[in-house]
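Novice: Using the UniProt record's numbering, you'd call the opening residue of the sequence shown number 1 and step up by one each time.
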Amino acid sequence: LFNKRCKCLQFIKPESDDFIAYAGAVNRLCEDFKLSSLKENEFKALIFVCGLRSHRDSEIRTRLLSKLETDAATLTVDTLATECQRLLNLKQDTALIENAAHSSTSVVNSLSDKYRGKSNQKRQDKPQQKQKSDARKTPKSPCWLCGGVHYTEACPFVKHVCKECKQIGHKDGYCAFARPSGKPQRSSVKEVSSDQTSARRRRKFVSILINGKPIKLQIDTASDITVISRDNWLALGSPATRPTSHEATSASGGHVKLEAEFECSVTLQDSCRSTVCYVAPNSNLNLLGLDLIDAFDLWSVPLSSVCNRVTVADGVLDQVHQLQRKFPEVFLDTLGLCTKTKVKLFLKPNQQPVYVPRRPVAQTAYEPLQDELKRLENLGIISFVEHSDWAAPIVAVRKANGSIRICGDYSTGLNNALQPNDYPLPVPDDIFASLAGMRHFSIIDLSNAYLQIEMDEDSKNLLTVNTHRGLFKFNRLAPGVRPATGAFQKIMDSMT
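1. To the nearest angstrom, report how far apart F384 and I491 are at their CA atoms.
2. Spell out a yes or no on whether the segment 388–407 and the segment 351–368 are touching, meaning 3 or more CB-CB pairs, one atom from each, closer than 8 Å.
3. So is P420 buried or exposed if we call it buried at 16+ other beta carbons inside 10 Å?
4. Buried or exposed: which applies to P479, given that a residue is buried once 16 or more other Cβ atoms fall within 10 Å of its Cβ?
5. In the DSSP assignment, find the beta strand (DSSP E) that holds S229 and state where it starts and stops.
6. Whose CA, out of I406, E386, L347 and G380, lies closest to the CA of E372?
7. May I ask you to verify whether the segment 357–371 touches the segment 329–338, counting CB pairs closer than 8 Å and requiring at least 3?
8. Quick one: using the 10 Å Cβ neighbour count with 16 as the cut-off for buried, is Y174 buried or exposed?
9. Tell me the rounded alpha-carbon separation between R398 and D456.
10. Counting only the same chain and skipping the five closest in sequence on each side, list residues whose C-beta sits under 7 Å from that of L87.
11. Pick helix, strand or coil for P281, following the three-state DSSP scheme.
12. Give the single residue among H468, L337, E386 and N27 whose Cα lies nearest to the Cα of A449.
13. Roughly how many whole angstroms lie between the Cα atoms of A25 and S16?
14. Do S388 and L471 have their C-beta atoms within less than 8 Å of each other?
15. As a quick exercise: from E153, P483 and D294, pick the residue whose alpha carbon is nearest that of N415.
16. Please list the terminal residues of the continuous beta strand (DSSP E) segment that includes residue 512.
17. According to DSSP, what are the bridge partners of M455?
18. Count the other C-beta atoms from every protein chain shown that fall within 10 angstroms of the C-beta of T267, then say buried if there are 16 or more, exposed otherwise.
19. Per DSSP, what are the beta-bridge partners of T79 in this structure?
20. Among the residues of its own chain, which have a CB less than 8 Å from the CB of I142, if the five just before and after it don't count?
21. May I ask you to list the residues that DSSP assigns as paired with G408?
22. Check R358 in the structure and name its three-state DSSP category.
23. Beta carbon of L425, beta carbon of L345: below 8 Å?
24. Determine the direct distance from the alpha carbon of D430 to that of A487, and round the result to whole angstroms.
25. Under the DSSP definition of a beta bridge, which residues are partnered with S207?
26. By the 10 Å Cβ neighbour count, where 16 or more other Cβ atoms means buried, how is C277 classified, buried or exposed?
27. With a 10 Å radius around its C-beta and 16 neighbouring C-beta atoms as the bar for buried, classify V206 as buried or exposed.
28. Going straight from the alpha carbon of E83 to that of L52, what length do you get?
As structure tokens, this is what we get:
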């Protein structure tokens, strides 16, 4: 309980949440806070402990938390302050004892050193002089004549005859090191490689059609032109090219070789543009440059809506159109309905109904909330009722497209009264094992998935929500109810 109360006091509105979601979060935290059962002295003690955020007070804060768990009803701010001072005094006394022990040891050592005889002093001087001479004998770098740890003038291979170069003065195999040259050497870098795994993950690729054939290019806002490799040019069917006079340079100022250029038509999603594409001998140079970024006006489009999306060819589009004509009801832009089964909720024995009043609605959220309730009512997802023993307040969550999703806050009582649905959910290991050996994958994103499952008649009244327009019961599976996940997964597995 103390942890929940601290989270409530420290809660800050996330930047990504709107005011509707923020209000719902505040309501949930305040209900978990149990303000009605909190006494004045307990609240003061809570504020006192929450204010001890310094690293120096970590030990004291831990001691106080243990006391709050056992004696929360009897603790006051004065007793907490007294306890803090007592712990601080104990800490200081412990430090004094440690310092006294350290100083006594130092005094004994200094006295022993002071009254040692001169002979001992002389014996100590010799090792110190020896250490200095040893330090002089240890060079900072190995000998370049033999690789040993000594200075060059002390190298034992000064008069040695090398068996490889027949020269005198270095160890066998150290010929190159023994002939230092004052002439600077020049070398060229053929390739620079490093561990670029993290950098590659951040790269953005887009799938397009060039002359009707698919190709994947990396989006590069630093490239003025669109370039493909010779391998990809061959994969496109070797379209007719012409010599190019365009000169390209890399980001480091180096020359980038271009072999040719050709005119082509580029298709991205539903748009088609004509451009000049350049061919490079480098097999890793496949870039979508500024020319096409400007042509398709990708500056005003989120990258997530463009990248990694496959543009389908005309033959695939014909197959899609045939499926749309054959199964028109599947492609309707309306809410679907599962006709195979219904979901039934089961209450635990001896459960009393929980009725929670509605929560106030912010003025800015009133109109969109009103529209969403009307939409759900017109679709038959919710129905108005005059009376219900069970009722939960609503939570309005703004979705990514700007619309509002209305959910019942069933954590206020209903979820604890329901028997859980323990149907097993898939884990990543099982999913990956089932995909072993597969080559083609598809992702099905169900729109309003829960709302396509109808509820049992006796269970609809349990899902009643309390709104500013009155009571509404959910006719479909409502998000936020405890058994929803297991029930939905069971239906999905039965259809595959």
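By construction, the Cβ of each residue, glycine as well, lies at the ideal position given by its N, Cα and C atoms. Bear in mind the structure is a predicted one, so any value in this text is a computation, not a measurement.
Specialist: Let me spell this out:
1. On the sequence shown, residue 384 is found 384 positions in, with the first residue counted as 1. On the sequence shown, residue 491 is found 491 positions in, with the first residue counted as 1. Those two C-alpha atoms are separated by around 28 Å.
2. yes
3. Taking the sequence shown and counting its residues from 1, the one referred to as residue 420 is at position 420. With fewer than 16 other Cβ atoms within 10 Å, it is exposed.
4. Position 479 of the sequence shown, counted from the first residue, corresponds to residue 479. When all chains shown are included, P479 counts as buried.
5. Stepping through the sequence shown from its first residue, residue 229 is reached at position 229. That run of the beta strand (DSSP E) goes V227 to S229.
6. Here residue 372 refers to the residue found at position 372 when the sequence shown is read from its first residue. E372 has its Cα closest to that of I406, out of I406, E386, L347 and G380.
7. no
8. Here residue 174 corresponds to residue number 174 of the sequence shown, with the count starting at 1. Buried, since its Cβ has 16 or more Cβ neighbours within 10 Å.
9. Here the question's residue 398 lines up with position 398 in the sequence shown. Here the question's residue 456 lines up with position 456 in the sequence shown. Rounded to the nearest angstrom, the two C-alpha atoms are 28 Å apart.
10. Residue numbering aside, residue 87 sits at position 87 when the sequence shown is read from its first letter. Here the set comprises I60 and R63.
11. Stepping through the sequence shown from its first residue, residue 281 is reached at position 281. Looking at P281 - three-state DSSP - the assignment turns out to be coil, as it is neither helix nor strand.
12. Taking the sequence shown and counting its residues from 1, one reaches residue 449 at position 449. For A449, the nearest C-alpha among the options comes from L337.
13. Position 25 of the sequence shown, counted from the first residue, corresponds to residue 25. Position 16 of the sequence shown, counted from the first residue, corresponds to residue 16. Approximately 13 Å, taken between the alpha carbons.
14. Reading the sequence shown from its first residue, position 388 is the one you call residue 388. Reading the sequence shown from its first residue, position 471 is the one you call residue 471. In contact: S388 and L471 (Cβ atoms closer than 8 Å).
15. Your numbering for residue 415 matches position 415 in the sequence shown. The shortest C-alpha separation from N415 is found at P483.
16. Given that the chain is displayed from residue 1 to residue 496, the structure contains no residue 512 and the question cannot be resolved.
17. The sequence position of residue 455 within the sequence shown is 455, counting from 1. DSSP, once it has assigned bridges, lists V343 as partnering M455.
18. Here the question's residue 267 lines up with position 267 in the sequence shown. Per the 10 Å Cβ criterion, buried.
19. For the purposes of this step, residue 79 is taken as residue 79 along the sequence shown, with counting starting at 1. In the DSSP output, where bridge partners are listed per residue, T79 has none listed.
20. One-based indexing of the sequence shown puts residue 142 at position 142. Here residue 142 is Pro; the residue named in the question, Ile, does not match the sequence. Counting only Cβ-Cβ distances below 8 Å, and skipping sequence neighbours, we find G148 and V149.
21. Position 408 of the sequence shown holds residue 408. Beta-bridge pairing links G408 to I394.
22. By 1-based counting over the sequence shown, the position of residue 358 is 358. It is coil, neither helix nor strand.
23. The residue given as residue 425 occupies position 425 in the sequence shown. The residue given as residue 345 occupies position 345 in the sequence shown. Contact flag unset, no.
24. As a position in the sequence shown, residue 487 is number 487, starting the count at 1. As a position in the sequence shown, residue 430 is number 430, starting the count at 1. Whole-angstrom Cα-Cα distance: 19 Å.
25. Residue numbering aside, residue 207 sits at position 207 when the sequence shown is read from its first letter. S207 is bridged to K216.
26. The residue you call residue 277 lines up with position 277 of the sequence shown. C277 comes out buried.
27. Translated into the one-based positions of the sequence shown, residue 206 becomes position 206. So V206 ends up on the buried side.
28. Translated into positions along the sequence shown, residue 83 becomes position 83. Translated into positions along the sequence shown, residue 52 becomes position 52. Straight-line Cα distance between these residues: approximately 14 Å.
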